[in-house]
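*Asks:*
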Amino acid sequence: MRPSRVVIDRGGHAAVTVCRSNAGPCGLRRARALSGRFAAAAALCTVSVTVAAAPPAIALLDCVVIDDNAAYNDASVTQSQQARAAMASAGLRTRVDQRSLYKVADNRPAAALIDSYAKTQDLSACNGCELEIGRKLGVQRVGVCWVQKISNLILNINLRIEDTASGQVVFQRSVDIRGNTDQSWRRGVDALVGLLASEPEAAH
0 MRPSRVVIDR GGHAAVTVCR SNAGPCGLRR ARALSGRFAA AAALCTVSVT VAAAPPAIAL
60 LDCVVIDDNA AYNDASVTQS QQARAAMASA GLRTRVDQRS LYKVADNRPA AALIDSYAKT
120 QDLSACNGCE LEIGRKLGVQ RVGVCWVQKI SNLILNINLR IEDTASGQVV FQRSVDIRGN
180 TDQSWRRGVD ALVGLLASEP EAAH
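With the first letter of the sequence shown counted as 1, position 147 gets the number 146 in numbering that gives the first Met the number 0; the numbers rise by one all the way through.
#1: Whose CA, out of Val-188, Ala-82 and Ala-164, lies closest to the CA of Ile-57?
#2: Do you know offhand how far Ser-183's Cα is from Glu-131's?
#3: Can you tell me which of the three DSSP states Ile-153 falls into?
#4: Please classify Ile-149 as buried or exposed, where buried requires at least 16 other C-beta atoms within 10 Å of its C-beta.
#5: My output table needs one value for Leu-60: the three-state DSSP class, helix, strand or coil.
#6: Does Asn-179 pass the burial test, meaning 16 or more other C-beta atoms within 10 Å, or should it be called exposed?
#7: Which same chain residues end up closer than 7 Å to Ile-145 when comparing Cβ atoms and leaving out the 5 residues on each side of it in sequence?
#8: Would you call Arg-94 buried or exposed, if buried means 16 or more other Cβ atoms sit within 10 Å of its Cβ?
#9: Considering Lys-148, what are the terminal residues of the beta strand (DSSP E) in which it resides?
#10: In angstroms with no decimal places, state the Cα-to-Cα distance between Tyr-116 and Asn-72.
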């Protein structure tokens, strides 16, 4: 009976070859081929995988509006600005999450705590209440955002990110906005996220 050899080809398929003798030239050639092909298969199976570290979790609080002329605004102006603040808040969370700068947390588990503070003070300047909110949500970072409106032509949007354990500010930037429109606010958010992306150390 002729002895057989199993050889793995380059496609990973098994092929049976028949040789007359193990010790003959055919056997030596088949042994060498088998050894070489197994080595190649082993090399193909050795894959170097680099796993990126997961970004820290962050709670991004809703943007607040600081309007220097709030006392002179009618209800429609106040309503439109609050709508833009909600739009900016959602856009900020989406862009930060999409770019994997942070893992953006759901704020709803701390909704009652957030509401209790928001009723009496500005969350961007509440003497550390944002840190308490971040700790309740179990995140490593907390971000506060505010838009300062000087006039309909001059505004700025701001983002400050703090470490919830130490209270240290790891990122703080301001972007000027020209024009009080949905588009200008969106551009301001995009610019802030771009600045955050340019400082990767802020996410570590």
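Ideal Cβ positions, reconstructed from N, Cα and C, are used throughout, including at glycine.
Because the structure is a prediction, the values reported are computed rather than measured.
*Replies:* A quick look at the data gives this:
#1: Ala-164
#2: 32 Å
#3: strand
#4: exposed
#5: coil
#6: buried
#7: The sequence given here places Trp at residue 145; Ile does not occur at that position. Cys-62, Val-63, Ile-65, Ser-123 and Asn-157, listed in sequence order.
#8: buried
#9: 140-148
#10: 24 Å
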